[in-house]
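For the sequence shown, the residue numbers in mature numbering (1 follows the signal peptide of the UniProt record, and there is no 0) are -27 to -1, 1 to 359.
Think of the CB as a built atom: it goes at the ideal place given N, C-alpha and C, for glycine as much as any other residue.
Since we're looking at a predicted model, the values are computed, not measured.
Since the structure comes first, as C-alpha cells, the remarks are kept for the end.
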Amino acid sequence: MKKTIRRKTFIAAALMSAMCTANYSFADVIKVTDDARLLQQHDAQYFSQSGLSGEEAKIIETGGADLPLSLAASLIIPENWKIESSGDYENAIISWSGGVSWPLIVRNFSEKEEIYVNLDWIKKIASIHVPGRAAFVASTTSGNQTKSLSESREAFVKAQETSFKKQERYRQQTEDQKAQFESILNQQREAQESNQELIARINESHTDAINQKNALEKALEEQRNKYAELKEKYAVIDPTLSGKDKVDPTILFKQHQEAWVLPYDDSPDYYLKGGHSDIIEYGTNATFVAREGTVHEIIQKWADQIGWYVDYRAGINHNSPYEFTLKGTFREVTTQFISLFQRSDRPLNIDYLPKLNKTVKDPKTGEVTKYHGVVVISDLNYKSGR
C-alpha cells in the first residue's frame, strides 16, 4: 500500500515537472505567487488611461523619495479624484521626480515600480493595483531545474519582512516629508496670491490712468477752442498781443502724456493752468508714473527729473509689464516700487545717499552733468548658486 502511494506521488510530481518545462518557451517568464498560482506575463503594460476630459492637469513642482504609495498618491493625484486600490497597495514604497504634470508622474512611477494604474478621466477614478511580492523563475526548453513551492514561499516571506522593515524605517520620516511638501505648496500658493494682488492694483491704476487721459483730452479740446478764440481776438485788436508767448495746449497735452513725473495734483486742469512748471526735487511730494519697462529704466527716468544718479548693482533687472502711478516723495515711491518684488526669487535693496554729489562726463559729447544725490540698487540677501 505504501509503495502504491509513493508511486502515485512520484508520478504526479513528474507530470507537474513536465508541464512546467514543456508548455512555455525560453522567452517566457513565469511568476510564482505565494498562493501557488502560475501567471505567464507578456510585456505587461502598467499604465493606461480611458475617457476624455477638459480638466487641466496641474504640474507638481516637487518630488518625493521612498514614501508609502498611499501617501504619495494622495499628494500627487488631485483631491477631486477617487483612488481605488488593490493588491499590496499599503506596503508599496515609491519615489518620483517633479517638474511635470501629475499624470506623467503617475505614469513614470507606474512603469518604474511595475504598478498597474488606470486613469478614468470620465469618472475621475484612479485604479491602482500593486502585484504581491513574488519570486520569478525562468523556464527554458532544456532546463530541468525549478524552485520548489516551499522555497518560493520562503523567498516571498523574506522579501515581505525586508519590505516591512524598509517601510517602518521610512514611515518615521513620512510626517516631516509631508509637512515639507505642504510647506512648499503653501509658499507657492502665497506667491500666486501676492502676484494676483499686485496685478489687481496695477489694473486699477491702469484704469485710473485711462480715465485721466480721457478727462485730459476733453479739457484739451476746450482749451484748444479757447486758444483759437483768443488768438483771433488778439489778432484783430492788437497784433502784438497775439499770445505767441503762451504755451500751446497741444504741446502741454503731449508733455502730460509722456511725463514720468507729474505734480502731486496730476489733474489735467492743474497741469494746464501752470502745474507743468512746478519744480520737483528729492523731498517734493509728486506723482511718479511707472510705464512699461525694467526696474532700472523706470527709476532712472524718475531720478533724471530730480537730478539724481542711479548706481544699479543688482545682478537681475526685473521687468514691470504694466503702467501705474505712485504718489509721494522720490524716496517713498522708489521704496514702495522696489518692495513689489520682495516675494520674488531675487528681491532688491535700495539705499539713498542725498549728501553724495556726483559728476559724470559724457564720453561722446564731453558734457558734464552734476547730480545732487545717488541712489544705489543692489541684491537683497542673495548669494549666487543658492
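{"Item": "Note down the Cα distance separating K151 from P76, rounded to an integer number of angstroms.", "Value": "20 angstroms"}
{"Item": "Can you grab the Cα-Cα spacing for the pair V341 / E170, in whole Å?", "Value": "43 angstroms"}
{"Item": "Do A192 and D251 count as a contact pair if the criterion is CB distance below 8 angstroms?", "Value": "no"}
{"Item": "Reducing DSSP to helix, strand and coil, say where H179 ends up.", "Value": "helix"}
{"Item": "So what's E57 in DSSP terms, helix, strand or just coil?", "Value": "strand"}
{"Item": "Does the pairing of the segment 174 to 194 with the segment 334 to 352 give three or more beta-carbon distances under 8 angstroms?", "Value": "no"}
{"Item": "Answer with buried or exposed for S83, where buried requires no fewer than 16 other C-beta atoms within 10 angstroms of its C-beta.", "Value": "buried"}
{"Item": "For the pair the segment 227 to 239 and the segment 256 to 274, tell me if three or more CB-CB distances fall below 8 angstroms.", "Value": "yes"}
{"Item": "DSSP on I350, reduced to helix/strand/coil?", "Value": "strand"}
{"Item": "Could you check if L329 belongs to the surroundings of the ligand GDP, using beta carbon to heavy atom distance under 7 angstroms?", "Value": "The ligand GDP is not part of this structure, which contains no ligands at all."}
{"Item": "Report, in whole angstroms, the separation of the C-beta atoms of I94 and G24, which I expect to be a contact under 8 angstroms.", "Value": "Residue 94 is actually Trp in this sequence, not Ile. Right, the Cβ-Cβ distance comes to about 4 angstroms (below 8 angstroms), so this counts as a contact."}
{"Item": "Determine the direct distance from the alpha carbon of I172 to that of F297, and round the result to whole angstroms.", "Value": "10 angstroms"}
{"Item": "Looking at the secondary structure, which residues open and close the alpha helix (DSSP H) in which P222 lies?", "Value": "222 to 231"}
{"Item": "Under a Cβ-count criterion, where at least 16 other Cβ atoms within 10 Å of its own Cβ denotes burial, should I157 be classed as buried or exposed?", "Value": "exposed"}
{"Item": "Who are the near neighbours of residue 393 in its chain, counting only those whose CB is closer than 6 angstroms to its CB and skipping five residues on each side?", "Value": "Residue 393 is absent from the structure shown; the chain starts at -27 and stops at 359."}
{"Item": "In terms of residue numbering, what span does the beta strand (DSSP E) encompassing W69 cover?", "Value": "66 to 69"}
{"Item": "With a Cβ-Cβ cutoff of 8 angstroms, do P237 and T223 count as a contact?", "Value": "According to the sequence as given, residue 237 is Tyr; it is not Pro. Taking 8 angstroms as the Cβ cut-off, Y237 and T223 do not qualify as a contacting pair."}
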